[in-house]
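A.B. asks: Take this structure, written in structure tokens, and hold onto it; I'll ask about it next.
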Ligand SMILES: [Zn+2]
């Protein structure tokens with residue numbers, strides 16, 4: 002059923018131009034793994050994917066300039082899918098192993114709860130980042146530089162933050178966190194009392210937000226940022242105006258995919274530690 006549902010959604014995404022063929026293959030593997038671990042994980046990934054694709058299409062008209070600065074357009078390739086969903090895939094697979102083992106040993110159950118929290122938090126981080134990026138570019142004031150809030154940078158610049166984007170980030174993270182933890186609790190993914198439920202809401206939601214913050218921080222420091230030699234604009238793209246761009250900040254090998262991966266990894270680790278303790 003998971004494979005069928007996946008295949009249907011992916012065929013639709015390919016047709017709509019949300020995914021490349023490589024991206025669809027990775028998404029199929031990821032979707033099937035998370036579905037087998039627990040359908041709620043799959044639901045969260047879909048929610049992330051649908052909301053970001055929708056936001057990116059809706060806002061793309063409003064922010065042609067900002068879109069220009071980002072390294073890739075609305076169509077996600079295999080590396081982007083892995084960067085956003087790889088941690089969730091590994092964490093949910095860990096949860097699956099714990100469930101299949103049927104072990105009732107306390108430490109095994111703790112690992113299971115930690116893995117569930119890590120899955121939810123990593124999707125929360127990816128969602129927080131996309132919502133912040135997409136909605137943040139609609140802000141009317143120029144973003145503040147994350148390392149020095151008195152400075153302003155062009156919309157769409159990595160490391161630029163706006164109030165609207167920060168609110169969108171919190172909203173994205175906590176939407177995934179509250180939905181995931183609540184549905185997980187209802188379907189007795191783990192045994193929960195109210196205190197544990199509140200702890201997991203806060204842990205996964207804040208872990209997702211922390212991941213998104215790391216994303217901006219890396220974007221402002223080590224991530225490669227380029228300047229177009231023709232029009233002078235700053236961009237994450239290697240080619241602009243038909244010409245190769247020149248590195249103006251950060252490292253060429255430190256791209257957006259690696260940044261996204263590290264952000265979801267941080268969120269997953271924080272949530273795993275809190276969830277398992
Ligand atoms: Zn240019």
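Residue numbers (our numbering): 2 to 278.
The beta-carbon is built from N, C-alpha and C at its ideal position, and this holds for glycine as well.
(1) Label residue 199 either buried or exposed according to how many other C-beta atoms from any shown protein chain fall within 10 Å of its C-beta, with 16 as the threshold for buried.
(2) Taking Cβ to Cβ, would you say residue 206 is nearer than 8 Å to residue 178?
(3) For ligand 1, enumerate in chain order all residues having a CB closer than 5 Å to any of its heavy atoms.
(4) Quick one: using the 10 Å Cβ neighbour count with 16 as the cut-off for buried, is residue 194 buried or exposed?
(5) Go ahead and label residue 293 buried or exposed: buried means 16 or more other beta carbons lie within 10 angstroms of its beta carbon, across all protein chains shown.
(6) Indicate the three-state DSSP secondary structure (helix, strand or coil) for residue 145 in the structure shown.
(7) Among 125, 86, 12, which residue has its Cα nearest to the Cα of residue 258?
(8) Helix, strand or coil, according to DSSP, for residue 244 in the structure here?
(9) Hey, could you find the ends of the beta strand (DSSP E) residue 230 is sitting in?
(10) Leaving out the 5 sequence neighbours to the left and right, which residues in its chain are closer than 7 Å to residue 35 when beta-carbon positions are compared?
(11) Span of the alpha helix (DSSP H) holding residue 299?
(12) Around the C-beta of residue 232, are 16 or more other C-beta atoms found within 10 angstroms, so that it is buried, or is it exposed?
(13) Using the Cβ count rule (16 or more neighbours within 10 Å means buried), how would you classify residue 247?
(14) Identify which residue in 182, 83, 3 has its Cα closest to the Cα of residue 21.
(15) Looking at C-beta atoms only, is the number of pairs between the stretch 249-257 and the stretch 208-224 that lie closer than 8 Å three or more?
(16) Is the stretch 115-125 in contact with the stretch 145-160, if contact means three or more CB pairs nearer than 8 Å?
(17) So, is residue 1 buried or exposed, given that buried needs 16 or more other C-beta atoms within 10 angstroms?
(18) Only counting the same chain, and skipping five residues up and downstream in sequence, which positions put a Cβ closer than 8 Å to that of residue 112?
(19) Can you tell me whether residue 31 is buried or exposed? The criterion is at least 16 other CB atoms within 10 Å of its CB, across all chains shown.
(20) Quick test of your reading: residue 216 and residue 260, contact by CB under 8 Å. State the CB separation rounded to the nearest angstrom.
C.D. replies: Checking against the coordinates, here is how it stands:
(1) exposed
(2) yes
(3) 229, 231, 232, 241, 242
(4) exposed
(5) In the structure displayed, the chain extends from 2 to 278; residue 293 sits before or after that span and is not available.
(6) strand
(7) 86
(8) strand
(9) Segment: none, residue 230 is in no beta strand (DSSP E) and carries neither H nor E.
(10) 42, 43, 46, 89, 90, 93
(11) The requested residue 299 does not occur in the structure, where the chain is confined to residues 2 to 278.
(12) exposed
(13) exposed
(14) 83
(15) yes
(16) no
(17) Here the chain has residues from 2 to 278 only, and residue 1 is not among them.
(18) 95, 99, 277
(19) buried
(20) 6 Å
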